[in-house]
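Protein chains: 2
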Amino acid sequence: MADINSPHEISPTGEPVTVTTGPIRGSRKVHVGKLGVAMREIDLAGGEAPVRVYDTSGPYTDPAASIDIQAGLPALRRDWQLARGDVEEYAPREVKPEDNGQLGPDRSGGVPPFPAALRRPLRAKSGGNISQMHYARRGIITPEMEYVAERENLGRARLAEYVRDGQDWGAQIPDYVTPEFVRDEVARGRAIIPSNVNHPECEPMAIGRNFLVKINANIGNSAVASDVANEVDKMVWSIRWGADTVMDLSTGRNIHDTREWIIRNSPVPIGTVPIYQALEKVGGVAEDLTWEIYRDTLIEQAEQGVDYFTIHAGVRLPYVPMAAKRMTGIVSRGGSIMAKWCLSHHKESFLYERFDEITEICKAYDIAYSLGDGLRPGSIYDANDEAQFAELYTLGELTKRAWAQDVQVMIEGPGHVPMHKIKENMTKQLEACGEAPFYTLGPLVTDIAPGYDHITSGIGAAQIGWYGTAMLCYVTPKEHLGLPDRDDVKVGVVTYKLAAHAADLAKGHPAAQVRDDALSKARFEFRWRDQFNLSLDPDTAEQYHDQTLPAEGAKTAHFCSMCGPKFCSMKISQEVRDFAARQNSDSYLAAENIRSETPPEARANAEEGMEEMSRRYKEKGERLYLPEDEVDGVGPAT
Amino acid sequence: MADINSPHEISPTGEPVTVTTGPIRGSRKVHVGKLGVAMREIDLAGGEAPVRVYDTSGPYTDPAASIDIQAGLPALRRDWQLARGDVEEYAPREVKPEDNGQLGPDRSGGVPPFPAALRRPLRAKSGGNISQMHYARRGIITPEMEYVAERENLGRARLAEYVRDGQDWGAQIPDYVTPEFVRDEVARGRAIIPSNVNHPECEPMAIGRNFLVKINANIGNSAVASDVANEVDKMVWSIRWGADTVMDLSTGRNIHDTREWIIRNSPVPIGTVPIYQALEKVGGVAEDLTWEIYRDTLIEQAEQGVDYFTIHAGVRLPYVPMAAKRMTGIVSRGGSIMAKWCLSHHKESFLYERFDEITEICKAYDIAYSLGDGLRPGSIYDANDEAQFAELYTLGELTKRAWAQDVQVMIEGPGHVPMHKIKENMTKQLEACGEAPFYTLGPLVTDIAPGYDHITSGIGAAQIGWYGTAMLCYVTPKEHLGLPDRDDVKVGVVTYKLAAHAADLAKGHPAAQVRDDALSKARFEFRWRDQFNLSLDPDTAEQYHDQTLPAEGAKTAHFCSMCGPKFCSMKISQEVRDFAARQNSDSYLAAENIRSETPPEARANAEEGMEEMSRRYKEKGERLYLPEDEVDGVGPAT
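Here the protein sequences line up with chains H and X, keeping their order.
Here this note's numbering is used: the first residue of the first sequence is 3, the next is one more, and so on.
Here this note's numbering is used: the first residue of the second sequence is 3, the next is one more, and so on.
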C-alpha cells in the first residue's frame, strides 16, 4: 500500500501542483455493478466480512488510475450525455481579463490557464432542457440515476440482519434503492443530482432527505491568501476524507483559472456563488453590479461546468430593513452585497426580478439551484427571526418557479441557532419549499466558542441532519477567525462526516449501522488495526494510539493504554461473556428469584447451588475460557 | 497581565510540580457578596459593560493569591464546618503500603507523600449526619448553599433585558437563585453539593437540573503512564478551562499519595471510583475483593476528602448474563470487575448487599453517591438494552435507600447512544430515580470516529444536557485509543463547556445568553480583542486569527481574513443597517406593497420615489454613514 501522504507532484509551470494520492489506509478501491461505481472496501481480520463504504475520493485513491493534474480526470459521463442526443457543442464565450480580476491578457502574475481547457462546451439544443429533473419527470431513468442507486445501496446487502430502528421524522428511506426510486425522488423535487453537462468528470451523487446525508466542504482563495495549487490540493484532500461536494468560494484575482483547475480535476459536484466573481468584475462596488455582468458570469461558469449556483434571490428589498434590528445584521456575503445593491438603487433585487431568466440558463446546462439564505442569522440572538423566515418563504416561491421549468433546486439554511429552535427551521423549510432538499451551514448552537466552531456547528448539524437536512455544509475550526489550512479542512470534513453519519443512524438508515457494528466488534475483540481502518480517520486513530503504546505488539495486545494489562474492562467483559454464555442464563434469574421471594429453606438450597458453581469454577483453575470438552463440568448449578 | 503559560514551579523533592497560574487572557478575578464568591469578569471596549462568567479555576488565576502546591489551598469551608458543632477530629487510619500499590513503607520509587498531610480528619460525631441534604431537610440554609446561590446568579442582573426563551423539558429554572431555592432543591434530592468535610478547600457548587449544566474532567495515572506532577498539573489545567469537578481515576501504584496531592490543591469537588484502588490492593484479582478491603478503602478516601464516590452497586448478579448478548459486553471498568466478582463467587454484589453500610460512611463525611452505570452500553448496538435499564431501575431503588438516610445522590448514565435513543435515557432516569441529578458520559452518537470522540460525544452531551442532565462527563480525543495529555484535556474541557452552554441556552437559562450576545456584538463591531476574550478559549481564538492576519492592526481592522478588506459581509451589513436605521423602515414595505398590488400609474409614482431616493444617495457621495446634520436630506421618499 502506498504511503497515504505520498505526494503526486507535477510542475507544469514551475509552480508545483501537489495532491495526495494512494489508498486510504486499510482500504481497497472496488468498482461495483455494470457502471463500475467506485466504492471503498475495508478488509478485516478474524474472518470478518469486508465492510463496504461510500467513497467520494475519486480516482485519487485508486492505485490503478493514472493521475495527471494537467489533463484532468476522464470524462465519465460524456458518452451518456451524447447518447441522449439533446446537446450541442458551440464556441465558448471568450475568457476576458476581468474574469481573472483585471489581469492583462497574458494573465501575468496570475494562475496559468488550465492546459487542456480548449474543448468546446455543451448545452441543450435550442430551447431544450437537459436537467435530470426534466428526464425524471418524463419517466426516463438516466445512467446518472442508476449510478446513484448503486452508490447509495452500500451495506444494504446485510440488511436482513437488521431490524429497522430509528426516528425518521417523516422521511421515506427505502430498504433498497432502485433506479426508479431515484427517478421518482428527482421528479418530485425531493432530491437533486447536480450534473452540469460541462462537468462530465463528476461521479453522480444525490442530495435528498431519503438518501445518505451528504456534506460539503468550502475551499477558495481570497484577496488575502491562498493560491491555485493549494486550492486544487484542498479539493482533493477534502474529498479524500469524505466531502460529497465542494464549493469554490474564491474571491480576488484568478477566479476563472482557479475554478477551471478545480473542476477539471474534481470527481464531485462543484458549487459556486457567482455574485462573488461578478462583484470582482465591477471592482468590488456592489452598487455597480448589473444584470448583464451577472448573466455573463453565469454563462462563463456554466461553460466551465459549475454544478450548482448559490443564488441569493430571496434577499428582497422589503426584507432589508428587517435585518436592521438584528444583533449581527446580514452575515452572508452574497446577502449583504444584494442588500447594499437594493438599498442604494432602491430597487427590487435583479436576482429576484430576473429569476426565470436564470432558470433558462440552468436548464440549458443542468445546473442546480442552491437558493442562498442571504438573511441567515449570524448569532443566537438573531435565530429564527422575521428576516430569516420572510426570505425562506420567498425561497419556497422561487422553488416552485424553478420546478415549473424542471430545474433542480436545493435550499440553503442557517447559521447560528440554539438547539431548541433547530427543529422549527426544518419544519418550516419542508413546508415552505415543498420538500426540496435542505442544505444547512451547521447550525452553530452557541456563539461563544470561536476556534471550536466545527464542534458548535457539528452539534447543530447532527440534529438538523436527523430532522431531515439532506446536505451539511462544513465549518472548520477557523470559522470566524481566518482561512482554513489543510489540517482545518480535514478536521472540518471528518467532523461533518461523523455528524452526517450520526444523523443517518438516528433516522434508521438501513446502510448506516453496519460500520458502527463492525468497528465495535473489532474494538471488543482487540482487533486494533481493524478498529483504525474502520474509523473515519485511520491515520489519526493509529497516531493517537501509538502516542501511549507505540509498540507494534500493542496493536494486537488484549489490553489498551487506558486501563493497562490487568485492568481492561473489555478483556474482563469478554471473559464474563464467554463464561456466562456457557451457562443457562435463566438459572441466574431463577436463583435470584429464589433469593428474594422464597422461604429460607429454599433459599439455602439455591445458595448451596451457587456455592457449588463457585467451587467448580475454582476447580477448573479459575479459567473463564474453557475448551468445549470441559464445559459440561461447569454446567448450570440447579 | 501574566503570561498565561507562566509556570509556577516548585521542586520539593527534586521532582518539579509545575502548574499554570495567572489570569485567563482578558479576565479579572472578582469576589462577590459577603462570602467573596470568586468569579471572572471580562472587560470590554467600546463602552460595553463587563461580562461576568462562572469561574471554576480557583486561586490559580488570582494574581493576588499566593500558590504553594506543597501547602495546598486555604481551607475555605473549615470555619463553617466547625461552627455547626457536629463534627469531631480523630486519629486517622494509618497509610498502609498497599494504599500505594504494594510499595514498602519508604514508598521508594513512588510519589512523595504530600508534605502537609498531617492534620487530623473530621467526621460526624457518633451516629450523626453532616450531609448538605440532612441540613436542607431540616430547613437549615448552610453557607455552602448561600455560596452556590451567589455563584449561580451570573448574568441575571441583566435579566430584565431578556424574554425567557427556551424549551426546558420540565425543568424549573428560577429567574433568580435564592439560598432558599438551593436548600429546597438539595432537600428534594434534585441537586447535590458535593462537600466532603475533609475537603474544606473546595468552593461549593451544585449539580442539578435547575442549575447551570456542569462538566467533569477525568484525570489519573495508570500502570502504563503518567505521574503525580502531571496529574496535579492536569487538575489545575482542567479547572482553568472550566471543569466543575474532577475525577481521579488513577490505577497502578501511588494511588493514595497522588490523590492527596490532587485534593489538597483542588478548589473543585474530587470524585473517585474506590473499586479501582481496592482492586490494586488485592493484586488485580477481582475474585479476591472483599467487603472489608473495600470498606477500608472507602474510609481511607473519606479521610482524604473525596467528595463523591462512583459505586457500581447496580451491577447485580442476575443482570450479568444480560450483557452476554451484547456487541461489546461490559465496558465500565468498575462494572466489569463487579460482574467478574459476582460470577466467580456466584453471589450477589457486596456493593448492593452492603449498600446501607456504605451510606453510613457517606453521611459521616458528607460524601455524595455517584451511582455508577456499570452496564452502560459501549456501542450503538447495545444502547438502551435490557441490561442497561435493569441496572437503572436498581439505581433508582438505591437512590431511595440513600435518601432515606439523607445522603446526596447522583446517577451516572451512558455511554454510546444514537440520537433518537437519547431522550429515553433522560425520561427513564427522571422516572426511575426521582429526579436525582443525572451525570452522563457523552453519550457518543456513533462508534465510527475514534480520534474524534470528544465530538461524537459532545453532540450527545449537548442534547442530553438540554433534556435535563445536570453534569456531563467529558471525553477527550484520545478516548478508546490512549491516555489524554495536557492538550487533550483542554480540548475535552472546552468541547464540554460549549456543549453544556448550548444546553443552558436551549433550556432558556436566564444567565446563559448574555455571553453569546456580548460576543456576537463584539464580532459585529469588529472588536476582535473582545471577541477573543469572551470566547471559551481566548488563546486559541487569537492564535487562529493570527495565522491568517498576524499584524497587530488587523485586530482592530474593519475586515477579517475570510473575505478581505473590500468584501466583508459584516462591514457591508453594518453600513446597510446604519443607512436603513435612518429611514422609516415602513416606507420600504409600503413601496413594496405598491409595486405588487397597485395599478401601473400608482406603481410609476412609487418607482419615481425610489429613483429619487437613489439619486439622493448618489448626491451624498454614496456614503452610508452620514453625519447627523445631513440625514434629513435623504429622508423617506414618499
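C-beta: ideal position from N, C-alpha, C; glycine also.
Keep in mind the model is a prediction, meaning the values are calculated, not measured.
Query, Result
"8 Å Cβ cutoff, residue 82 (chain X) in contact with chain H", "no"
"Near-chain X residues of the stretch 329-343 of chain H - C-beta to any C-beta below 9 Å", "329, 330, 331, 332, 333, 334, 335, 336, 337, 338, 339, 341, 342"
"Where residue 292 (chain H) falls: helix, strand or coil (DSSP)", "coil"
"Local Cβ density within 10 Å of residue 406 (chain H), reported as buried at 16 or more and exposed below that", "exposed"
"Distance between residue 175 (chain X) and residue 511 (chain X) (C-alpha atoms, nearest Å)", "7 Å"
"Pair within 8 Å by beta-carbon distance, residue 337 (chain H) and residue 201 (chain H)", "no"
"Alpha helix (DSSP H) runs contained entirely in the stretch 375-454 of chain H, provided each spans 4 or more residues", "388-406, 424-434"
"Strand pairing of residue 44 (chain X), partner residues [DSSP]", "X:29, X:53"
"Interface residues of the stretch 508-521 of chain X facing chain H [CB-CB below 7 Å]", "508, 515, 517, 518, 519, 521"
"Residue 296 (chain X) versus residue 270 (chain X): straight-line alpha-carbon distance, rounded", "25 Å"
"Residue 92 (chain X), DSSP secondary structure in three states", "coil"
"Residue 2 (chain X), DSSP secondary structure in three states", "In the structure displayed, chain X extends from 3 to 640; residue 2 (chain X) sits before or after that span and is not available."
"Near-chain H residues of the stretch 430-464 of chain X (beta-carbon distance less than 7 Å), N- to C-terminal order", "447, 448, 449, 450, 451, 452, 453, 454, 457, 458, 460, 461, 464"
"Contact with chain X by residue 421 (chain H), beta-carbon distance below 8 Å", "yes"
"Chain H contacts made by the stretch 483-494 of chain X, where a contact means CB separation under 9 Å", "483, 484, 485, 487, 490, 493"
"Proximal residues, the stretch 380-406 of chain X versus chain H, C-beta separation under 9 Å", "380, 381, 382, 383, 384"
"Member of H:183, H:82, H:318 whose CA lies at the smallest distance from the CA of residue 150 (chain H)", "H:183"
"Interface partners of residue 468 (chain X) on chain H, CB under 8 Å", "421, 422"
"Straight-line gap, residue 127 (chain X) to residue 404 (chain X) (C-alpha atoms, nearest Å)", "19 Å"
"Enclosing alpha helix (DSSP H) for residue 344 (chain H) [first to last residue]", "335-347"
"Cross-chain neighbours of residue 539 (chain H) in chain X, by beta carbon under 9 Å", "451, 452, 453, 454"
"Where the beta strand (DSSP E) through residue 135 (chain X) begins and ends", "Not the beta strand (DSSP E): residue 135 (chain X) falls in the alpha helix (DSSP H), residues 134-139."
"Span of the beta strand (DSSP E) around residue 360 (chain H)", "No beta strand (DSSP E) contains residue 360 (chain H), which is instead part of the alpha helix (DSSP H) from 357-367."
"Where residue 216 (chain H) sits in the DSSP three-state scheme", "strand"
"Presumed contact (8 Å Cβ cut-off) between residue 471 (chain H) and residue 448 (chain H), rounded CB distance", "In fact, because the Cβ distance is near 19 Å, the residues do not count as touching under 8 Å."
"Heavy atom of the ligand MG within 7 Å of residue 388 (chain H) beta-carbon", "This structure does not include the ligand MG; it has no bound ligands of any sort."
"Listed by chain order, chain C residues near residue 497 (chain X) by CB distance under 8 Å", "The structure shown has no chain C; the protein chains it does contain are H and X."
"Limits of the unbroken alpha helix (DSSP H) element including residue 274 (chain X)", "Counting along the chain, residue 274 (chain X) falls outside any alpha helix (DSSP H), though it belongs to the beta strand (DSSP E) covering 272-274."
"Segment contact, 8 Å Cβ cut-off, at least three pairs: the stretch 518-527 of chain X with the stretch 428-440 of chain H", "no"
"Buried versus exposed, by CB contacts within 10 Å (16 or more), residue 371 (chain H)", "buried"
"Cβ neighbour criterion (16 or more within 10 Å) applied to residue 165 (chain X)", "exposed"
"Cutoff 8 Å: residue 480 (chain H) Cβ touching any chain X Cβ", "yes"
"At least 3 beta-carbon pairs within less than 8 Å: the stretch 297-317 of chain X vs the stretch 252-271 of chain X", "yes"
"7 Å CB neighbourhood of residue 368 (chain H) in its chain, flanking five on each side removed", "132, 133, 134, 197, 198, 199"
"Cutoff 8 Å: residue 110 (chain H) Cβ touching any chain X Cβ", "Any reading at residue 110 (chain H) must be qualified, since the residue scores a pLDDT of 49, below 50, and its modelled position is unreliable; the value itself is stated next. It does not: the Cβ of residue 110 (chain H) has no partner Cβ on chain X nearer than 8 Å."
"Cross-chain neighbours of residue 547 (chain H) in chain X, by beta carbon under 8 Å", "483, 484"
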